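These protein sequence lines map, in sequence, to chains A and B.
Position 36 (the first sequence) corresponds to 35 in numbering that gives the first Met the number 0; numbering is contiguous.
Position 204 (the second sequence) corresponds to 203 in numbering that gives the first Met the number 0; numbering is contiguous.
Think of the CB as a built atom: it goes at the ideal place given N, C-alpha and C, for glycine as much as any other residue.
It should be emphasised that the depicted structure is a prediction, and the values quoted were computed from it without experimental measurement.
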Amino acid sequence: MRVLLRNPRREITIDGRRRVHALLTELGLSREAHLVIRNGELVPGDGELSDDDEIEIRPVISGG
Amino acid sequence: MKCRTCRKPAIIDLPRHNANFCAEHLQQLCRRQVEKAIHDHRMFVPSDHLLVAVSGGKDSLAVWDILHELGYRTTGLYIALGIGEYSHESQTFAQDFATRRGLPLVIESLRDDHGFDVPTAARATGRVPCSACGMSKRHIFDRVARDGGYGAVVTGHNLDDEAAVLFGNALRWDVEYLARQLPVLPARGGFPRKAKPLVRLTERETAAWCIVRGIDYIVDECPMAAGNKHLAYKGALNLIEEESPGAKASYYLGFLERMAPLLSGLSAQQADELHTCSRCGSPTGAESADDGSAVCAFCRLSEKARGHEPVPVEMLMRRSARRAAAKENRT
Numbered sequence: 000m001r002v003l004l005r006n007p008r009r010e011i012t013i014d015g016r017r018r019v020h021a022l023l024t025e026l027g028l029s030r031e032a033h034l035v036i037r038n039g040e041l042v043p044g045d046g047e048l049s050d051d052d053e054i055e056i057r058p059v060i061s062g063g
Numbered sequence: 000m001k002c003r004t005c006r007k008p009a010i011i012d013l014p015r016h017n018a019n020f021c022a023e024h025l026q027q028l029c030r031r032q033v034e035k036a037i038h039d040h041r042m043f044v045p046s047d048h049l050l051v052a053v054s055g056g057k058d059s060l061a062v063w064d065i066l067h068e069l070g071y072r073t074t075g076l077y078i079a080l081g082i083g084e085y086s087h088e089s090q091t092f093a094q095d096f097a098t099r100r101g102l103p104l105v106i107e108s109l110r111d112d113h114g115f116d117v118p119t120a121a122r123a124t125g126r127v128p129c130s131a132c133g134m135s136k137r138h139i140f141d142r143v144a145r146d147g148g149y150g151a152v153v154t155g156h157n158l159d160d161e162a163a164v165l166f167g168n169a170l171r172w173d174v175e176y177l178a179r180q181l182p183v184l185p186a187r188g189g190f191p192r193k194a195k196p197l198v199r200l201t202e203r204e205t206a207a208w209c210i211v212r213g214i215d216y217i218v219d220e221c222p223m224a225a226g227n228k229h230l231a232y233k234g235a236l237n238l239i240e241e242e243s244p245g246a247k248a249s250y251y252l253g254f255l256e257r258m259a260p261l262l263s264g265l266s267a268q269q270a271d272e273l274h275t276c277s278r279c280g281s282p283t284g285a286e287s288a289d290d291g292s293a294v295c296a297f298c299r300l301s302e303k304a305r306g307h308e309p310v311p312v313e314m315l316m317r318r319s320a321r322r323a324a325a326k327e328n329r330t
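Okay, here's the thing in structure tokens:
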């Protein structure tokens, strides 16, 4: 699957199906500080992501 | 995962509520939390005209959207801070939101209206950029609210923001700041009433609100904020939250319920120490000189920054990147 990461903006490819929580853990990202978006819609923690998916992992922490 | 309320497929899991929600019931939860904050802290009343401070980020656009939906009369205020491309993009998001909702938006520019910008102010005064930025924004919010006769200034501070500030204040045991860290500050001595209706929502929830409502906002972090302590405190609190869901809400809301009342005497004492700025006429806590005149912090900052050659944001970013690299090498 293609994964868009932000701050800084970059794209990576991950092979194989994953649940959202497993993907965040694998990437070392806090569940409390990120949301996963697929086709403009949120995917919950147990949502399954497939090889064909294009997703965005959006950080929600802001520093102001 | 099923929505706790309707059992339809959930789009988000919220461990602190030990529940999952669909888009419709996530919005219901957010609205109810905002209504509860407004009610419990007597933030404002339906007849008040509210000035909403908008940055183009998720929190300020979410609070504007929710208040508008709840029927409040609102006007947005965007301040162009002169932080390069980041400021241009964030202004576009604020303007697009206002246009789509048909809501009035006041735009004020630090460079055009005051002769400086945040990077220049930071360099000219030796302050960290977030400090120069915050002070400038507060001054302009206050003035626009005072001049326009608004009932309150509303900001998008959320539960994570307040918990992180509380954490920082408690680390230093800064009791003066702790005494003032309230979700609503009453109008006093020319300062407008200030309210934070999102204090019961985490930033994961406000971001989710924007996504399900189709609100585009600036996702990129402010280039001036990288590496600031506030972000580090949020990271530390999120580590605790993951181990103990609800810890942030318990920490901050528990402070409001059990600790803030103990500090209220100190808060009242601070209210008595105001003067009038001899330059701009704003109220100020600055000490008066021997001749009785006082100059507010914004006028002092502005006088230094206006005389300084404009500093491009990239220059400060390179400097902070060098500092971060040096810090990493030390650890």
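>> For Glu220 (chain B) and Tyr85 (chain B), what's the separation of their Cα atoms in angstroms?
In response: Each residue's CA atom was taken as its position, placing Glu220 (chain B) and Tyr85 (chain B) some 8 Å apart.
> Roughly how many whole angstroms lie between the Cα atoms of Glu107 (chain B) and Gly114 (chain B)?
Replying inline: If I take the Cα positions, the gap works out to 12 Å.
> How many whole angstroms separate the CB atoms of Gly155 (chain B) and Val62 (chain B), which I take to be in contact at a CB cut-off of 8 Å?
Replying inline: Right, their Cβ atoms sit about 5 Å apart.
>> Suppose you measure from the CA of Leu66 (chain B) to the CA of Asp14 (chain A); what does that come to, to the nearest Å?
In response: Each residue's Cα considered, the two are about 43 Å apart.
>> Against chain A, which members of the stretch 189 to 201 of chain B pass a CB distance test of less than 9 Å?
In response: So the close ones are Thr201.
> My guess is that Pro58 (chain A) and Asn6 (chain A) are in contact by the Cβ rule of under 8 Å, so how many angstroms apart are they, rounded?
Replying inline: The beta-carbon separation of Pro58 (chain A) and Asn6 (chain A), rounded to 5 Å, stays under the 8 Å limit for a contact.
> Can you name, in chain order, every residue of its own chain whose Cβ lies under 6 Å from the Cβ of Gly101 (chain B), other than the five neighbours on each side?
Replying inline: Hits under 6 Å: none found.
>> Can you look up Phe297 (chain B) in the DSSP assignment and give me helix, strand or coil?
In response: Assigned with DSSP and collapsed to three states, Phe297 (chain B) falls in helix.
>> Between B:Ser243, B:Arg72, B:Pro128, which has its C-alpha nearest Asn17 (chain B)'s C-alpha?
In response: Residue B:Ser243 is the option with its Cα nearest to Asn17 (chain B).
> Should Asp52 (chain A) be flagged as near chain B, meaning a C-beta pair shorter than 7 Å?
Replying inline: False, the Cβ-Cβ gap to chain B never drops below 7 Å.
> Could you give the distance in angstroms between the alpha-carbon of Glu175 (chain B) and the alpha-carbon of Ala285 (chain B)?
Replying inline: C-alpha separation (whole angstroms): 15 Å.
>> Please report the distance separating the alpha-carbon of Ala259 (chain B) from that of Thr24 (chain A).
In response: Rounded to the nearest angstrom, the two C-alpha atoms are 37 Å apart.
> Between Ala224 (chain B) and chain A, is there a C-beta pair that is closer than 7 Å?
Replying inline: Interface residue, yes.
>> Buried or exposed for Arg192 (chain B), going by 16 or more other Cβ atoms inside 10 Å?
In response: Buried, since its Cβ has 16 or more Cβ neighbours within 10 Å.
> Roughly how many whole angstroms lie between the Cα atoms of Gly280 (chain B) and Val35 (chain A)?
Replying inline: Answer to the nearest angstrom: the Cα atoms are 48 Å apart.
> Quick one: what does DSSP say Glu272 (chain B) is sitting in, helix, strand or coil?
Replying inline: It is coil, neither helix nor strand.
> Going by DSSP, which residues form a beta bridge with Tyr367 (chain B)?
Replying inline: No statement about residue 367 (chain B) is possible, as the shown extent of chain B runs from 0 to 330 and does not include it.
>> Among the candidates B:Ala22, B:Leu13, B:Pro14, B:Cys2, whose CA atom is the shortest distance from the CA of Trp208 (chain B)?
In response: Ranking B:Ala22, B:Leu13, B:Pro14, B:Cys2 by Cα distance to Trp208 (chain B) puts B:Ala22 first.
> Which residues in the same chain as Pro128 (chain B) place their Cβ atom closer than 6 Å to its Cβ, once the five residues preceding and following it in sequence are excluded?
Replying inline: Excluding positions up to five away in sequence, the list reads Val117, Ala121, Met223.
> Should Cys129 (chain B) be counted as a contact of the ligand HEM given a C-beta to heavy atom distance under 6 Å?
Replying inline: With respect to the ligand HEM, the structure offers nothing, as it holds no ligand at all.
> Just by C-beta distance, which residues in the stretch 34 to 62 of chain A are closer than 7 Å to chain B?
Replying inline: In summary, the residues of the stretch 34 to 62 of chain A whose CB is separated from some CB of chain B by less than 7 Å are Leu34, Ile36, Glu40, Leu41, Pro43, Gly44, Asp45, Arg57, Val59, Ile60, Ser61, Gly62, in the order they occur in the chain.
>> Could you compute how far the alpha carbon of Ser266 (chain B) sits from the alpha carbon of Ile37 (chain B)?
In response: Between Ser266 (chain B) and Ile37 (chain B), the C-alpha separation is close to 21 Å.
> Taking C-beta to C-beta, are Val19 (chain A) and Gly46 (chain A) nearer than 7 Å?
Replying inline: Their beta carbons are under 7 Å apart, which means Val19 (chain A) touches Gly46 (chain A) by this criterion.
> Along chain B, in chain order, which residues have C-beta atoms closer than 7 Å to that of Arg30 (chain A)?
Replying inline: Within chain B, the residues placing a beta-carbon under 7 Å from that of Arg30 (chain A) are Glu241, ordered along the chain.
>> Taking the beta carbon of Ala288 (chain B) as the centre, do at least 16 other beta carbons fall within 10 Å, making it buried, or is it exposed?
In response: So Ala288 (chain B) counts as exposed.
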